Structures are given as structure tokens and as C-alpha cells.
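For the sequence shown, position 69 (counting from the first letter as 1) is numbered 69 according to full-length UniProt numbering, and the numbering increases by one without interruption.
Idealized CB from N, CA, C, for every residue including glycine.
Here the structure is a predicted model, which means the values were calculated and not measured.
Everything below concerns the one structure shown next.
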Amino acid sequence: MLAMNYRGPYRVRADHKPDPVIEHPGDAIVRVTRSCICGSDLHLYHGMVPDTRVGHTFGHEFIGVVEDVGTGVQNLKVGDRVLVPFNLFCGSCFFCQRELFGNCHNTNPQATAVGAIYGYSHTAGGYDGGQAEYVRVPMADVGPFKIPDDIHDDDAVLLTDALPTGYQAAEMGDIQEGDTVVVFGAGPVGIFAAKSAWLMGAGRVIVVDCVDYRLEFVKRYAQCEVVNFLEVNDMALHIKKMTDWMGADVCIDAVGGDASGNITQTITGRLMKVQGGASTVLHWCINSVRKGGNVSIVGVYGPTTNAVPIGNALNKGLTLRMNQASVKRHLPRLIEHIRAGHIDPKQIITHRIPLEEVADAYHIFSSKLDNCIKPILIPPS
Ligand code: NAD
Ligand code: ZN
């Protein structure tokens, strides 16, 4: 089959690899009809995630059709159209029983913190991902979700990660009626966090980024105010001025970063490093939120130590919440929002690129070229 193949930082290509096979009675094989590239894949592409091995196939956002099932699979049959949440989970451990599917205890037992994620390095379990023609889906009775007939493939693929993650970001912010919510990052996750903030009762939504075409998109799509941080000297002061000197009720980090805090530099060419090595955006969240406010973090950080401005967080009495999204928990509610017309996820898809051209797709998405917001990869038919 054709599959994305990681060769090293900034080097990916499409190669022929052996088709995946059923390795366990609980497995299914899914023929992929669409997959996305995610901001999380950029962390792999940039070499930020330890134990990302040459030869690994990325891709944790994919949908497809069940091609084969193991003898133990009861809930799926050949031909079912399924979306596969990005986390692999067992469905029965302490965490899964509490619907914390992103924190499953059984799918990545060697790791101390991270759960298992398709196509996300051996740190996240070493499972090959869905930027391919076929993918092996373990525990197929538990993770995959049959796509209702009235849900479009383009919406379904965004339900594997970006939309539920944005939604969970807003949920973890514990938004109260009328709250002012500041979302850092106007990528797919930030866009959906902004949209979700309104669904949860926000009175005002402000999105911060430095990429103008993304800010223009989110302003229109989520009817929010926007700030280009390159035009601002002091972010916390700026947000305070915008909020009658209170600060935001809720700040959401939909950016993430690396241990050196240099992610902004890779995008803008400007050095935005914050002393102490923490991410710029984490400082901005903690300093821009009001006393007693909530900071919700879904942006991904390397598993290395990050210096958090914990003193300010303590002095302000903040609540900090963060997690990998538990995708499956949100699906029924999000499908109802799509049906009701509250949200139209597929509008964020800007590029449809053949899987053969995966190297171009990564380059365009990583470098923010050609007004790219969300690229999807189409396998050969
Ligand atoms: P993306 O790369 O498309 O978007 C990130 C955006 O942040 C870009 O538009 C960039 O210009 C902007 N940015 C960079 N520095 C900034 C700063 N200091 N302030 C404000 N904006 C800044 O990525 P995405 O797909 O939207 O994902 C966003 C983050 O969410 C990534 O870190 C990704 O790994 C993470 N993520 C987490 C989960 C989870 O379950 N927790 C799931 C999916 C994605
Ligand atoms: Zn993702």
C-alpha cells in the first residue's frame, strides 16, 4: 500500500509499505478514505517528539471503510463507514470508565504519562497511523464510531480530533454565561475552541495569532474579535486594556510549544523566546487571565520539563486544566450540533492533496503557505 513515511525532521515522503494485517482477534483493518494533517503532526515533523522512528507512518485523524475484522470483533462488520478517534483506548480501565479515553491505562503501558495515539511515535505507543491506504485498528469494538448516514465525510474526519479537542478546550475552561474567553492560536483547534466557547455561553471571544489569513478566517467563521500578537508589545496588558482592566475570565492555549519556547520563532522568524524556557503562550495565558480565572491547555508540549510561571498562577488563584481530548465522549453531542447547524466543521478544510504528494502537504501546512488551515490527504482510489 501507499503510506506516508517519516525519514527525519522536515523529511517525509509517500512510499510503498506492506499492507497491515490482523494481528489480534480484536483488530480491524480500515481502508482509509480521508486523513488530515494536524498541528500535532507538526511537532513530529519538527522533530520535537522523542522516539519518532524513521519508517513510522503518521496520521491520527482518519476515517474509512472496514475492510476486514478479527474473529473477536462483534460491533463492526466489513463495509461499515467509521471514524476512528485519535486515541487508542481499552474502554474498561479506571480511566476509560470515567470517559478519560485519552488517559487509558492499557494501550501504552510502558509510558508514564502519555496514552496511545495512532501514528504519533513510539512515545505514544508506536502504532502506525492513517496517512496511508490502510491502517490496523486494534480494539476495534471500542474505538471506532460508525458514521451516521447524514454526516459528510469531511465533517466526520474533523470529528476524529480537531473539533472535539477545540470543544474540550472550551469545556475545560468551565465557561460561565457572559464570560470573556481568549483563545491563543487560530489553527483548527483554536478555531473550534472559539466556536465552542459561544456554544457554552461566552459573552465575548477574542482569538490571538500572528497569521493574518487565519485571523481573518476565524473572525468570520466564529464571529470573534482578533488580535495579531505581532502588533502588540505586552500581551497581558493588551488583554487587560480590552477587558476594563479585569483580564479574561478564561484563557485557552491552542498552540503548545517545545521545551525551549521557540515555536513562535519557527513561524514568524522573530525570536519570541520567554526567559525560563516555558512557552510564550503559556505565559500569556497565565498573565492575561483575571485573578481566580481558568486556563485551559490543549496545546501539546514535548514530554520534557517546561518551566511554568507557577508563582503568578498561585498568586492569582488560577485553575489550570489540561488534557489530551477524550474524543469519543464528545461525539454524540457534536453530531447534534452539526445537525442543528450550530457548527459546520468542513468549512475549515482548505486543501485536498493526493497522498502521493504528502511531502508537499506537510510543507504547505507547516510553513502556512497558500492560506492553508486544514489539509486533507486523499489516498489513491
Ligand atoms: P496549527 O499549527 O495549525 O495552529 C497553531 C496556531 O498557533 C498557528 O496558527 C500559529 O500561527 C499560532 N501560534 C503560534 N504561536 C502563537 C502564540 N504565541 N500565540 C498565539 N498563536 C500562536 O495547530 P492545530 O492543529 O490548531 O493544533 C494546535 C495545538 O493543539 C497543537 O499544539 C496541537 O499539537 C495541539 N493538539 C492537542 C490535542 C489534545 O488532545 N490535547 C489534540 C489536537 C491538537
Ligand atoms: Zn490531531
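| request: Using three-state DSSP, classify Leu159 as helix, strand or coil. | output: Here Leu159 sits in coil by DSSP.
| field | Glu216 to Phe192 span [Cα, whole Å] | value | 15 Å
| field | Burial state of Gln74, where buried means 16 or more other Cβ atoms lie within 10 Å | value | exposed
| task | Taking only the alpha-carbon atoms, compute the straight-line gap between Gly70 and Leu331 and give it to the nearest angstrom. | result | Cα to Cα, Gly70 sits roughly 25 Å from Leu331.
| query | By how many angstroms is the C-alpha of Asp128 removed from the C-alpha of Phe58? | reply | The straight-line gap from Cα to Cα measures roughly 6 Å.
| message | Using CA atoms only, rank isn't needed, just tell me which of Ile338, Ile376 and Glu357 is closest to Leu2. | response | The shortest C-alpha to C-alpha distance from Leu2 to any of Ile338, Ile376 and Glu357 is the one to Glu357.
| query | What did DSSP end up calling Pro25 once you bin it into helix, strand or coil? | reply | coil
| For Asn323, does the three-state DSSP call read helix, strand or coil? | coil
| DSSP-derived helix/strand/coil call for Phe184 | strand
| Buried or exposed: where does Lys291 fall if 16 or more other Cβ atoms within 10 Å of its Cβ makes it buried? | exposed
| request: Leaving out five residues on either side along the sequence, give the residues of the same chain with a beta carbon under 8 Å from the beta carbon of His152. | output: Shown here for His152: same chain residues with a beta carbon closer than 8 Å to its own, the five before and five after excluded, namely Lys346 in chain order.
| field | Cβ-Cβ separation, Arg329 to Glu99 (assumed contact under 8 Å), whole Å | value | By a beta-carbon distance limit of 8 Å, Glu99 contacts Arg329. Their separation comes to about 4 Å.
| Between which two residues does the alpha helix (DSSP H) containing Glu356 stretch? | Here Glu356 belongs to no alpha helix (DSSP H), and DSSP marks it neither H nor E.
| field | 8 Å Cβ shell around Asp150 - same chain, five flanking residues per side excluded | value | Residues of the same chain with a CB within less than 8 Å of the CB of Asp150, apart from the 5 flanking positions on each side, are Arg339 in chain order.
| Per the contact definition of three or more C-beta pairs closer than 8 Å, is the segment 5-15 in contact with the segment 217-227? | No, the segment 217-227 does not touch the segment 5-15.
| request: Flag Phe86 as yes when its Cβ comes closer than 7 Å to any non-hydrogen atom of the ligand ZN, and as no otherwise. | output: yes
| Nearest-angstrom Cα distance between Ile297 and Arg7? | 30 Å
| Straight-line Cα distance separating Asn233 from Pro164 | 33 Å
| Three-way DSSP call (helix, strand, coil) for Asn228 in this model | Strand.
| query | Would you call Thr112 buried or exposed, if buried means 16 or more other Cβ atoms sit within 10 Å of its Cβ? | reply | Under a 10 Å Cβ-count criterion, Thr112 is classified as exposed, with fewer than 16 other Cβ atoms of the shown protein chains found around its own Cβ.
| message | Using a Cβ-based criterion (distance less than 7 Å to any ligand heavy atom), does His60 qualify as near the ligand ZN? | response | Indeed, a heavy atom of the ligand ZN lies less than 7 Å from the Cβ.
| Mind checking whether the beta-carbon of Cys96 lies closer than 7 Å to any heavy atom of the ligand ZN? | For the ligand ZN, not one heavy atom lies less than 7 Å from the Cβ of Cys96.
| query | Is there at least one non-hydrogen atom of the ligand ZN closer than 7 Å to the beta-carbon of Cys372? | reply | Every heavy atom of the ligand ZN is 7 Å or more from the Cβ of Cys372, so no.
| message | What does the alpha-carbon distance come out to for the pair Asn228 and Cys210? | response | Between Asn228 and Cys210, the C-alpha separation is close to 5 Å.
| task | Work out the CA separation of Thr180 and Ile29 for me, nearest whole Å. | result | 45 Å
| Straight-line CA distance for His351 to Pro9? | So the two alpha carbons sit approximately 23 Å from each other.
| task | Below 6 Å CB to CB, which residues in the same chain sit around Arg214 once its five sequence neighbours on both sides are set aside? | result | Ala186
| Short Cβ contact (8 Å threshold) for Leu83 with Phe145 | Yes, the pair counts as a contact, with Cβ atoms nearer than the cut-off.
| task | For the alpha helix (DSSP H) containing Gly64, list its first residue and its last residue. | result | Boundaries for Gly64: no alpha helix (DSSP H) harbours it, while the beta strand (DSSP E) harbouring it runs Phe62 to Val69, taken from the DSSP string.
| How is Met139 classed by DSSP in three states: helix, strand or coil? | Met139 falls in the coil class under three-state DSSP.
| message | Counting C-beta neighbours from all protein chains within 10 Å, is the total for Asp161 16 or more, i.e. buried, or is it exposed? | response | buried
| Do the segment 87-105 and the segment 20-37 touch if we need at least three Cβ pairs shorter than 8 Å? | Fewer than three beta-carbon pairs drawn from the segment 87-105 and the segment 20-37 are found closer than 8 Å, and the two stretches are therefore not classed as touching.
| said: Is Leu42 a contact residue of the ligand NAD, with contact defined as CB to any heavy atom under 7 Å? | reply: Taking 7 Å as the cut-off, one finds at least one heavy atom of the ligand NAD near enough to the beta carbon of Leu42.
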